[in-house]
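Undergrad:
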Amino acid sequence: MNVFRLVGDLSHLLAIIILLLKIWKTRSCAGVSGKSQILFSLVFITRYLDLFTNFISVYNSVMKIIYLVTSLGTVYLMYFKFKATYDSNHDTFRIEFLVVPVGGLSFLVNHDFTPLEILWTFSIYLESVAILPQLFMISKTGEAETITSHYLFALGSYRALYIVNWVYRYYTEGFFDLIAIVAGCVQTILYCDFFYLYITKVLKGKQLKLPA
Amino acid sequence: SFKAAIKDEL
């Protein structure tokens, strides 16, 4: 555990909590992509199956359980409790175009051809593109609420911090995992356009609006 | 080891 990894994990947790609080306080999930939230839940479910097979640390298990419960909670709020506020007309990304290729790739490129390892690989690849329905939705409506942009900034920062963590681990432990690194870089690159808008607009007190 | 290492991450 190093500081980049820890701050990355906390940033990830902060993102999830920001989104949950936004939905809970406003009693609305307008502007949030339910499809991205379903994909993130699928990411956690397929990655954290090792909760039952492999104990690493109390921190590791507790965080896994928190991520699982909070992401499933978000999906519950969106598709059940506050379903009437869900903006499905603008959430039209076809997730099968992500899940099917990612599923195929995880069978072809993995560390070990075993069920748990393939599911772990699937979750890493899927996470890298799971935000696309949300970004697609923002590009369709042309704007995002400020609280939603804080959510996206915290979520994007998390994987960027993980990349720094992997560089650090390579130099201090000689450790690297190419699957995680490549997917993590793809994931972070997808946020670059958003990061630019966030820094130039949201941090200066303006709402995030795309040029018409 | 190589694979055990990544699994300590989230």
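Residue numbers (my numbering), protein chains in the order written: chain A, 220 to 431; chain B, 48 to 57.
Even glycine gets a Cβ: it sits at the ideal position worked out from N, Cα and C.
Computed from a prediction, not measured in an experiment: that's the story for all the values here.
Tell me which same chain residues have a C-beta within less than 8 Å of the C-beta of Asn-221/A, skipping the five on either side of it?
TA: Within the same chain, Asn-221/A has close Cβ partners Asn-384, Tyr-387, Arg-388 and Thr-391.
Undergrad: Thinking just about the alpha-carbon of each residue, which of Ile-275/A, Tyr-415/A, Ile-235/A and Ala-349/A is nearest to the one in Phe-316/A?
TA: If we check each option's Cα against that of Phe-316/A, Ala-349/A comes out closest.
Undergrad: Counting only Cβ pairs nearer than 8 Å, list the residues of chain B close to Arg-211/A.
TA: This structure leaves residue 211/A out entirely; chain A is present only between 220 and 431.
Undergrad: How about Arg-216/A and Tyr-381/A: are their beta carbons less than 8 Å apart?
TA: Lying outside 220 to 431, the shown extent of chain A, residue 216/A is not represented and no answer is given.
Undergrad: Just checking: is the beta-carbon of Ile-237/A within a distance shorter than 8 Å of some beta-carbon in chain B?
TA: It does not: the Cβ of Ile-237/A has no partner Cβ on chain B nearer than 8 Å.
Undergrad: Please decide whether Tyr-286/A counts as near chain B, where near means a Cβ-Cβ distance under 8 Å.
TA: Closer than 8 Å: yes.
Undergrad: Determine the burial state of Glu-346/A: buried for a count of at least 16 other Cβ atoms within 10 Å of its Cβ, exposed for fewer.
TA: Per the 10 Å Cβ criterion, buried.
Undergrad: Can you pull the DSSP bridge partners for Glu-392/A?
TA: DSSP output for Glu-392/A lists no bridge partner at all.
Undergrad: What's the call for Ile-408/A, buried or exposed, on a 16-neighbour Cβ count within 10 Å?
TA: With fewer than 16 other Cβ atoms within 10 Å, it is exposed.
Undergrad: DSSP state of Ala-399/A, grouped into three classes?
TA: Three-state DSSP puts Ala-399/A in a helix.
Undergrad: For Asn-221/A, would you say it is in contact with chain B, using Cβ-to-Cβ distances shorter than 8 Å as the test?
TA: Closer than 8 Å: no.
Undergrad: Enumerated in chain order, which unbroken segments of the alpha helix (DSSP H) with a length of 4 residues or greater are wholly contained in the region 279–358 of chain A?
TA: Within the region 279–358 of chain A, the complete alpha helix (DSSP H) runs of at least 4 residues are 315–327 and 334–348.
Undergrad: Whole angstroms are fine: how far does the CA of Leu-427/A sit from the CA of Ser-358/A?
TA: Cα-Cα distance, rounded: 11 Å.
Undergrad: Excluding the 5 residues preceding and the 5 following Arg-378/A in the sequence, name in chain order all residues of the same chain whose CB lies nearer than 6 Å to its CB.
TA: Gly-403, Gln-406 and Thr-407, listed in sequence order.
Undergrad: Can you tell me which of the three DSSP states Ala-249/A falls into?
TA: The answer is coil: DSSP assigns Ala-249/A none of H, G, I, E or B.
Undergrad: Assuming Ser-252/A contacts Met-356/A (C-beta within less than 8 Å), just tell me the rounded distance between them.
TA: Yes, they are in contact, since the Cβ atoms of Ser-252/A and Met-356/A sit about 5 Å apart, within 8 Å.
Undergrad: Here's the rule I'm using: 16 or more other beta-carbon atoms within 10 Å means buried, otherwise exposed. How should Ile-418/A be labelled?
TA: Burial call: exposed.
Undergrad: Just to make sure I have the definition right: I need the residues of chain B whose C-beta is within less than 8 Å of the C-beta of Lys-283/A. Which are they?
TA: The contacting residues are Leu-57.
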